[in-house]
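According to the numbering used here, the residues represented by the sequence shown are 99 to 636, in order.
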Amino acid sequence: MNRTLMSLCVATALLLLGCGGRDEAGTANLNGQVGGVVASTPVNHYAASRFLEQSSMGPSPASVAQVRVQGPEAWIASQMRLPPTLIVTPANLVEYDLNLDRPANERMDEHYKVSLNNLFIGAEDQLRVRTSWVLSNFLVVSIRKVQQFGALEYMNILQTNAFGQFGDLLKAVSRNAAMGFYLDNGQNRRSQLNENYGRELMQLFSVGLVQLNMNGSIKKDASGKALETYSQKDVIEATRALTGWNNAEPNVRRLSSNGFNYAKPMAADFADQHDTGSKTVLGKTIPAGQSAAQDLDSLIEILVTHPNAAPFVSLRMIQGMTTSDPSPAYLERVATVFKDTKGNLGKVVTAILTDPEARYGDVPGRSVKGFGRIKEPFMLTMNVIRGLGCKGAVRDANNSRNVWQNYQQMPFEAYTVFNFFPPNHRTQGTNVLAPEQKMLNSSEFNNRMNSNSGGMRNETLLSDAGCDVATFKAATATSDEALVELLSQRYFRGAMPAVLARSLIEANKNTWQREQGLVLAAAMLDMATLSPAFGVSK
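Here you go:
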């Protein structure tokens, strides 16, 4: 491959992604003024692929065909009728000694990686999986503290509650054993308060630090200073309401892989350690004499009905699906749905995906000014694998216990509760929100330069994962132009920029062993994934 051309491609990607530039011919600044509904069925390939970039873990040939027949609204409804795909962990991997049973450790590590990737890549309920992924990025737990089994059970909690009421989700998260261990609420006692979970429940999970209008703008006092949402007193009062919880069956001796009894919700077994006094949180009173469960219900009700909850949660959901920097009108429309339904996530997700601003760009060459989102490393890799038509995890050729995934960003491996990137990160030198851009560094781009070549080099492993090897081999055997056209259909909505198409052909004329298997397709994909046309979904 021409390394100079590759370097130019990387530099171009960094420049365009860094500047937040997403305008093109035919753009429009809608500001919520577009009328009408989503396109009626059937829809074309471009529109279906674009919709699936927002509503799934990436377009696959089968899912594109489904959306083309059903249309977005009917597809959403059918997806919401599907039962949640849950991960089942074999009993012999639930509980073992982490220090003494190394073989079990290795088997669990394999199960963890394969199960999560099977879910993200192959689950039929793709809309639910995408929603769970979005939720996991602000309702954070991490295996840097929690054991892998705990993280899998936490993913099951997200899957189960992804389309329900946000308040019910927060209750389930608050009682989840992995979260109780990760943010220490399992150690929160009347006699010794631990504010960690109470603080993050407000700051990161529900209402945020500053007061918001429904369109996401910040409320300010007469001097122009942002109004704070809560005080330290509110943190203490919320923490008091959360006292008394512990892992279920705390007196049962467990081995270290399941020391916090991750499969069961926490229980209020230490009733004497729950503070039964009256509490006042965000100006609302929780009456005295309630149980730990009743206080949790009261606290969550206060948070979900707080004026901040609707714009705060809606922004994070929009950012994870359609656009990192939504217009105030778009955010207000979605937040209004959240408010009117008391946080029904199914209706919120539907509003996000069917909003006129979200669907306006379904026509090639037409887009809302500033609309779109950078694909974070994990999503970019999922897009590549699903575009290959794979049905599940692709095993690593060098180590069968590992799978093809992006090691820059793996699920539930964030270093802090603030996740891999903050939702308020802005493009340097601008006021444009671009959270995922935080992960675009030299290490990530270097990884993209050879990750597909590594993942696609073993045809047997690809076939074992149900990948569409034959179609890519047939296109390669036909001509370079035929292969580029296939890549365009699978990864560029059938609209790969002409300059990129020419570059892929020219740069790979002398690729080593280009005639063997998927070598040429992988080399072209390595280059294509560096381009803004693939790296930004708009």
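Heads up, the beta-carbon is just placed ideally off N, CA and C, and yes, glycines get one too.
Boundaries (first-last residue) of the alpha helix (DSSP H) holding residue i
| i | result |
| --- | --- |
| Ile483 | 475-485 |
| Pro509 | Premise fails: Pro509 is in no alpha helix (DSSP H) and is neither H nor E. |
| Leu623 | 617-626 |
| Met277 | 275-280 |
| Gln392 | 390-402 |
| Gln152 | 143-153 |
| Asp438 | 426-438 |
Cβ-Cβ separation, residue j to residue i (assumed contact under 8 Å), whole Å
| i | j | result |
| --- | --- | --- |
| Val482 | Asn550 | 6 Å |
| Ser289 | Gln388 | Their Cβ separation, rounded to whole angstroms, is 18 Å, which puts Ser289 and Gln388 out of contact at 8 Å. |
| Met277 | Val239 | 6 Å |
| Ser234 | Pro509 | 7 Å |
| Gly262 | Leu443 | 6 Å |
| Ile316 | Asn254 | Not a contact, Cβ separation roughly 36 Å. |
| Val83 | Tyr210 | Residue 83 lies beyond the stretch modelled for the chain, which goes from 99 to 636, so this question has no answer here. |
| Ser422 | Ala324 | Not confirmed; about 21 Å, so no contact. |
| Phe88 | Leu310 | Residue 88 cannot be examined here, being either before or after the span of the chain that is shown, 99 to 636. |
DSSP three-state assignment for residue i, whether helix, strand or coil
| i | result |
| --- | --- |
| Gln263 | strand |
| Arg200 | helix |
| Asn500 | coil |
| Thr125 | At Thr125, the pLDDT of 39 sits below 50, so the modelled position is not reliable and the matter cannot be decided from this model. |
| Met206 | helix |
| Val461 | coil |
| Ser412 | helix |
| Ser158 | coil |
| Val212 | helix |
| Ile241 | coil |
| Leu531 | strand |
| Phe632 | helix |
| Tyr442 | Checking the sequence shown, residue 442 turns out to be Asn, not Tyr. Asn442: strand per DSSP, three-state reduction. |
| Val227 | helix |
| Ile174 | helix |
| Ser105 | Caution is warranted here: a pLDDT of 39 is assigned to Ser105, below 50, making its placement in the model unreliable, and the coordinate value is therefore given only provisionally. Residue state, collapsed to three classes: helix. |
| Ile603 | helix |
| Val466 | strand |
| Gly133 | Bear in mind that the predicted position of Gly133 carries a pLDDT of just 37, short of 50, making it unreliable; the figure below should be weighed with that in mind. The answer is coil: DSSP assigns Gly133 none of H, G, I, E or B. |
| Arg591 | coil |
| Gly119 | Its pLDDT being 38, under 50, Gly119 is placed unreliably by the model, and nothing is read from it. |
| Ile472 | strand |
| Leu114 | Only weak support is given to the placement of Leu114: the predicted model assigns it a pLDDT of 39, under 50, and the value that follows is read from those uncertain coordinates. Leu114: helix per DSSP, three-state reduction. |
| Arg179 | helix |
| Arg166 | helix |
CB of residue i within 8 Å of CB of residue j, strictly
| i | j | result |
| --- | --- | --- |
| Gly169 | Pro140 | yes |
| Arg464 | Pro157 | no |
| Arg200 | Leu191 | no |
| Thr183 | Glu208 | no |
| Ala339 | Asp282 | no |
| Ala64 | Ala386 | Any answer about residue 64 is impossible in this case: the structure gives the chain only from 99 up to 636. |
| Asn359 | Ala346 | yes |
| Thr434 | Ala456 | no |
| Met622 | Leu581 | yes |
| Leu429 | Leu413 | yes |
| Met312 | Leu401 | no |
| Ala626 | Thr574 | no |
| Ala270 | Asn259 | yes |
| Gly470 | Ser635 | yes |
| Ile334 | Glu399 | no |
| Met554 | Pro475 | no |
| Asp566 | Leu486 | yes |
| Ala563 | Gly490 | yes |
| Ala599 | Pro462 | no |
| Arg591 | Arg148 | yes |
| Arg287 | Thr327 | no |
| Phe519 | Glu542 | no |
| Gln224 | Ser176 | no |
| Pro363 | Arg499 | no |
| Val446 | Leu302 | no |
| Asp332 | Leu268 | no |
Which ranges would you report for the alpha helix (DSSP H) in the region 285-326 if only whole runs of at least 4 residues count?
294-301
Which runs of the alpha helix (DSSP H) fall wholly inside the region 538-585 and span at least 4 residues, in chain order?
Those alpha helix (DSSP H) runs which fall completely within the region 538-585 and span 4+ residues are 540-546, 549-553, 557-562, 567-576.
List, from N- to C-terminal side, the beta strand (DSSP E) runs of 3 residues or more that fit wholly inside the region 322-387.
Unbroken beta strand (DSSP E) stretches of 3 residues or longer found wholly inside the region 322-387: 377-379, 382-384, given in chain order.
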